[in-house]
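Add 30 to the 1-based position in the sequence shown for the numbering used here, that's all there is to it. Note that beta-carbon positions come from the ideal geometry of N, C-alpha and C, so glycine has one too. Keep in mind that this is a model prediction, so the values were computed, not measured.
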Amino acid sequence: MTPEPAPEPTPEALRARYAARLRAEMEELLRASSDTAASRRPVELDQQAVGRLSRMDAMQGQAMAAAGETRRQGQITATRAALARLDGEDFGCCSSCGAFIGLARLDLDPRVQRCIGCAGGGRR
């Protein structure tokens, strides 16, 4: 005999489970973005103040900080979208097929929008 699948949690249960985590992640992302703003400023090109190799190192550091900020902005956007879905009735539902994503997948990353089948290309 096959056990019946567990019932899908209610929107209220999902809010209780993920709201605080998503809000804390958003605060951390915004703080990190603010903290790294100085490292993304343009590098001064005065060779008398900074040597050529030091300037190249600074430019590489600036490029790495900019790439990190681009990733962080993507995470901020995804977190805002997850919080908006959490306030509605569609949090935890696959954006492709409408099926429940599953608690194990949401526990790993509550920002996901597709079930494992649709995310892996199995369903469209």
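Nearest-angstrom Cα distance between Ala43 and Arg141?
-> By one-based count along the sequence shown, residue 43 stands at place 13. By one-based count along the sequence shown, residue 141 stands at place 111. When only Cα atoms are considered, Ala43 and Arg141 end up about 16 angstroms apart.
May I ask you to report which of helix, strand or coil DSSP gives Cys127?
-> For the purposes of this step, residue 127 is taken as residue 97 along the sequence shown, with counting starting at 1. Three-state DSSP puts Cys127 in coil, outside helix and strand.
Leaving out five residues on either side along the sequence, give the residues of the same chain with a beta carbon under 6 angstroms from the beta carbon of Ser126.
-> For this step, residue 126 is matched to residue 96 along the sequence shown. If we look at Ser126 and ignore the five residues flanking it on each side, its Cβ neighbours are Arg144 and Cys148.
If we call anything under 8 angstroms between Cβ atoms a contact, is Cys102 one with Ala62?
-> The residue labelled residue 102 in the question sits at position 72 within the sequence shown. The residue labelled residue 62 in the question sits at position 32 within the sequence shown. The residue you asked about is not Cys; residue 102 is Arg in the sequence shown. Judged by beta-carbon spacing, Ala62 lies within the 8 angstroms limit of Arg102, meaning their Cβ atoms are closer than that value.
Alpha carbon to alpha carbon, what distance is there between Ala95 and Ile131?
-> Stepping through the sequence shown from its first residue, residue 131 is reached at position 101. Stepping through the sequence shown from its first residue, residue 95 is reached at position 65. Distance between the alpha carbons of Ile131 and Ala95: 33 angstroms.
Selection from Cys124, Ser84 and Gly118 that minimises the alpha carbon distance to Gly150 = As a working note, residue 150 is residue 120 in the sequence shown. Ranking Cys124, Ser84 and Gly118 by Cα distance to Gly150 puts Cys124 first.
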